[in-house]
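Below: the structure, in structure tokens.
Protein chains: 4
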Amino acid sequence: MNVCKVGIVTKFNNQNAIEAGKKIAEFYRSKNVKVFSVNNLDVIGVTTVSPEEVSKLDLDLVFSVGGDGTTLRTFRMLPKSTPVFSVNIGGTKRILAEVAGDCNIKAQLEAILNGNCFFDSRIRIQARVANQVFGPALNDILIMRTNLTRTPVFRICFLNETLSFRMDGIIVATPTGSTGHSLSLGGPIIHEQLNCLMILPIAPVQRIPCMIIQPQDISVSSTHGTKIVIDGQEIYDANAESSIIISRYEHDGKFMRLHKRGIRQIAQLGF
Amino acid sequence: MNVCKVGIVTKFNNQNAIEAGKKIAEFYRSKNVKVFSVNNLDVIGVTTVSPEEVSKLDLDLVFSVGGDGTTLRTFRMLPKSTPVFSVNIGGTKRILAEVAGDCNIKAQLEAILNGNCFFDSRIRIQARVANQVFGPALNDILIMRTNLTRTPVFRICFLNETLSFRMDGIIVATPTGSTGHSLSLGGPIIHEQLNCLMILPIAPVQRIPCMIIQPQDISVSSTHGTKIVIDGQEIYDANAESSIIISRYEHDGKFMRLHKRGIRQIAQLGF
Amino acid sequence: MNVCKVGIVTKFNNQNAIEAGKKIAEFYRSKNVKVFSVNNLDVIGVTTVSPEEVSKLDLDLVFSVGGDGTTLRTFRMLPKSTPVFSVNIGGTKRILAEVAGDCNIKAQLEAILNGNCFFDSRIRIQARVANQVFGPALNDILIMRTNLTRTPVFRICFLNETLSFRMDGIIVATPTGSTGHSLSLGGPIIHEQLNCLMILPIAPVQRIPCMIIQPQDISVSSTHGTKIVIDGQEIYDANAESSIIISRYEHDGKFMRLHKRGIRQIAQLGF
Amino acid sequence: MNVCKVGIVTKFNNQNAIEAGKKIAEFYRSKNVKVFSVNNLDVIGVTTVSPEEVSKLDLDLVFSVGGDGTTLRTFRMLPKSTPVFSVNIGGTKRILAEVAGDCNIKAQLEAILNGNCFFDSRIRIQARVANQVFGPALNDILIMRTNLTRTPVFRICFLNETLSFRMDGIIVATPTGSTGHSLSLGGPIIHEQLNCLMILPIAPVQRIPCMIIQPQDISVSSTHGTKIVIDGQEIYDANAESSIIISRYEHDGKFMRLHKRGIRQIAQLGF
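Residue numbers (the working numbering), protein chains in the order written: chain A, 105 to 375; chain B, 105 to 375; chain C, 105 to 375; chain D, 105 to 375.
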């Protein structure tokens, strides 16, 4: 893999992340690689860019320096399957990260340079309402009632069948997202390489279980207005009865990894 | 029991409830009992009053004619332990109701008149934030995060101890409320005569179980702003870090019942 | 598909199943197809065989006539991917069945004869302890503590990692089995076409979630003796510390179906 | 409280427990208090007795030295409300213990001698089948299917109503037991002072919730034979259709405590 253009995304307002970002930037600058950073790193030869510009730069590799939130944000900047190397700084769960920021970053960067690394692809999903598209999400898309005094009926269509449940909301999660919000809501952990989606009802009146299906278009509508939340980070509104289509995003998220791990997420959760 | 003043609360916009309310009004008018109604019943001699006035009328008996929502609303109009007789019209679960509206209401009214009835008391709870008091709630008080992109840490204090959990929200339910929203969220069913409260975490990151404790002051605060929802019907705001005290309300809710039933709620849920 | 040899497995001690079996036998005999039955059907030209013989007959199609239990039993008689057509008689859940026994069976048989049918393949699993092999199971393999006064520690190895949980037992289920015992234990429903296995802890002290992984060898051992239960129907013993290997069985179970259904199991469960 | 006769129950095969038991025995012998021990402590003046004899000695105070299992066993030796002081040695959860064995036991014993202690009463339950009585149990009574290839229908009667659920088993737990096996099975935590019982279905086909009721006779019968397990330690058999009556035991279990704690069990569980 030939790396000519590198991007760096650092956690908001976190000096340690900036410091780690600087080291990465200096390493690549010393190899004459072009470096673009979303935060100002104050390193000579590094171009500061907006998140919107990142998506257009056709980068070869992007470093996410922060917690899992930063990694999720980084992936949403990347419409294609640009590789992301995730360095944990200040994250608590660090389920998504490859290395901790206080490791010897330089050794990791050398390993990448020498090709001692591999790709770890993850399916992503998006939501479509009328002609708007939200996402892609690496973890999950939450559809939640807006009005706490109404329990809507959600209609969920997939595979030519329609299910109707009265409940507070619904979460559709990827295997990557199965250790996130859906786990707190009682869902299973799904191995990150499986090719499936989880549909998890939230507070269903009829005590409906979680369902796991192949990636496909899932249409959700509700008798009342809802909020659509992408990866727990971006919020959009949907009207009552409007059709929200959740579908697999065409370009997977691609992690760059150094070490194979059997059950990365489970090990990281400490079970 | 001497009944001199009767109140009637009918379901919003429901003609069947109005019709049943009329029958009740006519029955009591024919006995020269004073009758007050929250909806206009168009019966001679019946005074239409506002919900606020109901609380001041010192009624002897109030009829709730509608679904469980109407019963909950009726109880919130009654600051004292005024007896409520609940007639189900148009409700689906009708867990709280004594009789169905299409029963022979007149026979039921005669039974009440003849004293063939008994009281069924239920603990109620209220929420206090600064100098505002919300409630009383017969079923539950929900405290829910406002911002769907933040998972707050909730601190819960009772019995001189403090627990801290990162989660979406918390519900405190009475035994009466245990067949409502908390059941959908995975909580147990509690016999309606037990003297206890349920504290149920919503989507806790650490998979915390439900806790059941004696009625007492429970202080809840959150690192982010929350909504306080009373019986799933009234919504109030609480700021981040403000202390929300949930406590037993001094006057129980009092149902008037005709028939003893062993496990009223469970039977009604159809298990 | 050329059908020359047909097998029939009918529910134990069920006259309705025998009657339906007779009709099927007579239909195929009238077409000069060889028919073998596990129960004596009293039809001229039908050979009664033992379950062990069924596995060696190289049948083209087998009818399972009974409930889901009969279907599970039928599949265990078939070491290869012999097609099974499942007719429901006397079953309650009938999740696995294609048609009800009181339907017009003859019309169904004509449809099969005319090729208006398709195959629906399901992964199966087996358990291996030392040099013994148990199964194959279409639904699930349960490993349960034998001694109710001891809570064993189970060690579960897959993907080169080992997890240790103190608990009562463990169930490994296929997607087909996800609507069975594992659903009662709190597991998710998995679409029957997905290529994965569910590992569900039973009464884990540490409140471990369900895990969903690719089909692969899963090694389970326990600090105390256990029972191994195949499809809820056959029981074997395993000693403390002995290694139980659960793996995908090399030949899938193959249903013959007439009608495509989107989410067969969910529809059947009545959610 | 005047202590004239002290009993000591130490954990099986645990030298540390024996050592701690010795210290307790020597302390009380130096005060001329009579001391009886279930294990031979090799202390002059201490009488070794059988568990059966303990129940008849009319002791003033009994020390349980070991884990939670030892404490449960100690309480079953005591048909009356004899106070138990629980010293944790070698236990992992130590939810029931007052002090750790490596604390300054002598200081604790002085505190007891000086009356700086109080009682903490807990309801207990027993099971009755025909004319046999099992228990009392401090934690829970489990009724579990014997045959792993049959899912029995359990009929549960209380308050003049009968519920029927198809499932693997049922656990009836006291508030004290709510942090034990029932927690692993998904039950709530109940404050130890509440006067109630938990009925928790195990793997119910219909996904029945936990029920919490007043202490009362609960009759359980099953369509198939079951095992009755008392506090996870003693096992008895019950035939199909035989009526198992679980009821509150007439004498509560009584802990002697030094320190008030708000939510003893929850704190101990580390939530």
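Backbone N, C-alpha and C fix where the C-beta goes; we use that ideal spot for every residue, glycine too.
Every value quoted in this text rests on a predicted model; they were computed, and no experiment measured them.
Euclidean distance between Cα positions of residue i and residue j
i	j	result
L200/A	L242/A	10 Å
V113/D	S323/D	33 Å
Q236/D	H328/B	57 Å
E156/A	A204/A	27 Å
Y353/B	G219/B	28 Å
E338/B	I260/B	22 Å
L145/D	K135/D	17 Å
T253/B	S325/B	18 Å
G336/C	G336/D	24 Å
I274/A	R133/C	53 Å
Q297/D	P319/B	12 Å
A307/D	D272/D	6 Å
V153/A	K126/A	15 Å
Closer than 8 Å to chain A by CB, residue i
i	result
L289/C	no
A201/B	no
L362/C	no
Candidates the options: closest to residue i by CA position
i	options	result
M315/B	F189/B, V276/B, A124/B and P183/B	V276/B
I148/C	N208/C, T250/C, V137/C and E265/C	V137/C
I293/A	P187/C, V169/C, K364/C and I312/C	I312/C
N192/D	R180/D, C207/D and F179/D	C207/D
I334/D	G284/D, G290/D, M271/D and S134/D	G284/D
H363/D	F189/D, I317/D, M302/D and T266/D	F189/D
S282/C	I303/C, R270/C, S268/C and T266/C	I303/C
G357/D	P279/D, L289/D and I128/D	P279/D
I229/D	S351/D, G111/D and F359/D	S351/D
F223/B	E202/B, G111/B and D272/B	E202/B
C221/D	T175/D, R249/D and P187/D	P187/D
Q264/D	Y340/D, Y132/D and D321/D	Reading the sequence as shown, one finds Asn at residue 264/D and not Gln. The option with the nearest alpha carbon to N264/D is D321/D.
D244/C	P256/C, A234/C, R226/C and T253/C	R226/C
F238/C	A124/C, F140/C, D164/C and D341/C	D341/C
I60/C	S286/C, F131/C, V142/C and A231/C	Given that chain C is displayed from residue 105 to residue 375, the structure contains no residue 60/C and the question cannot be resolved.
T178/C	S268/C, V158/C, A234/C and P305/C	V158/C
L289/C	R270/D, R180/D, K115/D and N299/D	R270/D
I209/A	K160/A, V153/A and F167/A	F167/A
V257/B	V309/B, G171/B and A211/B	V309/B
Neighbouring residues, chain C, relative to residue i (Cβ below 9 Å)
i	result
M302/D	Simply none; closest approach about 15 Å.
Under 7 Å from the C-beta of residue i: neighbouring residues of chain A
i	result
A277/B	Within 7 Å Cβ-Cβ: nothing; A277/B doesn't reach chain A, min ~13 Å.
Contact list for residue i against chain D, beta-carbon separation under 9 Å
i	result
Q230/B	The contacting residues do not exist; Q230/B stays about 21 Å from chain D at best.
Interface partners of residue i on chain C, CB under 7 Å
i	result
I227/A	By Cβ distance, chain C contributes nothing, its closest Cβ being about 13 Å from I227/A, past 7 Å.
Any C-beta of chain D under 8 Å from that of residue i
i	result
I293/B	yes
P183/B	no
Partners in chain B for residue i, counting only beta-carbon separations shorter than 7 Å
i	result
V309/A	S288
Interface residues of chain C facing residue i [CB-CB closer than 8 Å]
i	result
M271/D	S288
Any C-beta of chain B under 8 Å from that of residue i
i	result
P313/D	yes
H355/A	no
Chain-ordered neighbours of residue i on chain D, where CB pairs are closer than 8 Å
i	result
Q236/B	Neighbours of Q236/B on chain D: none; closest Cβ ~27 Å, over 8 Å.
Proximal chain A residues relative to residue i, where beta-carbon distance stays under 8 Å
i	result
Q297/C	Q318
Min CB distance residue i to chain F below 8 Å
i	result
F116/D	Absent from the structure: chain F. Protein chains present are A, B, C and D.
Q | Near-chain C residues of the stretch 240-261 of chain A (beta-carbon distance less than 8 Å), N- to C-terminal order | A | If you check each beta-carbon in the stretch 240-261 of chain A against every beta-carbon of chain C, none falls closer than 8 Å.
Q. Taking a cut of 9 Å between CB atoms, which residues from the stretch 315-339 of chain C lie near chain A?
A. Those residues of the stretch 315-339 of chain C that come within reach of chain A (Cβ to Cβ, closer than 9 Å) are M315, I316, I317 and Q318.
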